[in-house]
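Let me begin by presenting the structure, written as structure tokens, before commenting on it.
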Amino acid sequence: MTGKESNGSDLDIEDLDARRDTKKPVNFEEFINKNKVPLILILCGLTLVGLGAFLYKQGYFGDSNQIEVIENATDSQNTVKDLVVEIAGAVEKPGVYKLPEASRVEDLLVIAGGLSADADREWMEKVINRAAVLSDGQKIFIPKAGESSQTQGVSAKNAGGDQSGSGGVIGVFGQLVNINTASQKDLEELPGIGPVYAQSIIEHRPYSTIEEVLSKDALKKNVYEKIKNSIAVY
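Counting from 284, one number per residue, gives the positions in the sequence shown under the working numbering.
So this is what it looks like as structure tokens:
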């Protein structure tokens with residue numbers, strides 16, 4: 284009995300040793316080769332998820348409505364605006380014209396056919412700045428020879444050039460005082476205008492018409508009535 288029991292134990296030990304010998308260590312290279320496609324797909328998926336999270340944090344996935352608004356704003360900024368201006372007096376084709384934004388006085392003169400034969404060219408050279416940029420609603424008036432000293436409200440703002448006094452524009456032209464460029468001393472020569480009103484006229488510049496001294500509250504109406512026949516804007 285004892286011999287048989289001993290042989291049985293020896294067989295059990297040998298069987299266990301045989302089973303241990305059948306367990307091989309894990310071969311990672313072989314594992315990767317067998318599962319190459321699934322591993323690549325998993326890696327690509329993780330990469331895309333990470334990239335998407337990064338772009339989301341950076342704000343790349345904004346609201347589509349916001350993008351549309353920005354595009355529409357850009358389109359409106361690129362739209363070219365037109366100016367509607369008038370030229371009257373001694374020109375070949377006086378009238379109201381539509382010109383592109385940033386057009387100049389010279390452009391208006393050309394489209395109006397140029398000066399007529401009876402235009403006061405000397406006045407033109409002294410008062411009108413051909414390079415001045417036009418503004419919407421502006422009016423340019425070119426007097427005939429001999430009538431320039433009696434002309435009022437001959438042009439809208441900037442038609443006569445630089446309002447600081449350069450460019451051939453003078454504060455007093457004939458008997459009319461240009462309220463856009465006249466000095467305080469020149470303004471005080473007008474009836475009913477003292478230092479306070481003269482300063483008020485200067486502070487509310489520029490003027491498109493002489494009536495704007497009222498709409499801009501530069502003068503009271505009773506004071507304006509005293510000087511309206513003695514002032515002009517160039």
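Idealized CB from N, CA, C, for every residue including glycine. For clarity, every value in this text was computed on a predicted model and none was experimentally measured.
6 Å Cβ shell around residue i - same chain, five flanking residues per side excluded
i	result
S483	A501
I394	Y380
Burial state of residue i (16 or more Cβ within 10 Å)
i	result
V410	buried
N461	buried
P426	buried
D365	exposed
L324	exposed
L459	buried
G372	buried
S449	Unreliable placement is indicated for S449, whose pLDDT of 32 sits below 50; the coordinate value is still reported in the next sentence. Exposed is the call here.
L392	buried
Q467	exposed
V367	exposed
N412	buried
I476	buried
F314	exposed
L329	exposed
Q341	exposed
A465	buried
A481	buried
For residue j and residue i, believed in contact at Cβ under 8 Å, the rounded distance
i	j	result
S485	I514	It is worth fixing the name first, because residue 485 is Ile in this sequence and not Ser. About 13 Å separates the two Cβ atoms, so there is no contact after all.
P474	I423	Not really, about 29 Å apart at Cβ, beyond 8 Å.
Neighbourhood of residue i by C-beta, 7 Å cutoff - its chain only, sequence neighbours within 5 removed
i	result
S399	A373, V374, E375
D419	L366, V367
Reduced DSSP secondary structure (H/G/I, E/B, other) of residue i
i	result
N316	helix
R523	This structure gives no information on residue 523, because the portion of the chain shown stretches from 284 to 517.
Y339	helix
L417	coil
G378	strand
K509	helix
Nonlocal neighbours in the same chain, by C-beta distance under 8 Å from residue i, ignoring five residues either side
i	result
D401	A373, K427, A428
heavy atom of the ligand HEM below 7 Å from residue i C-beta
i	result
Q482	Ligands are entirely absent from the displayed structure, and the ligand HEM is therefore not among its contents.
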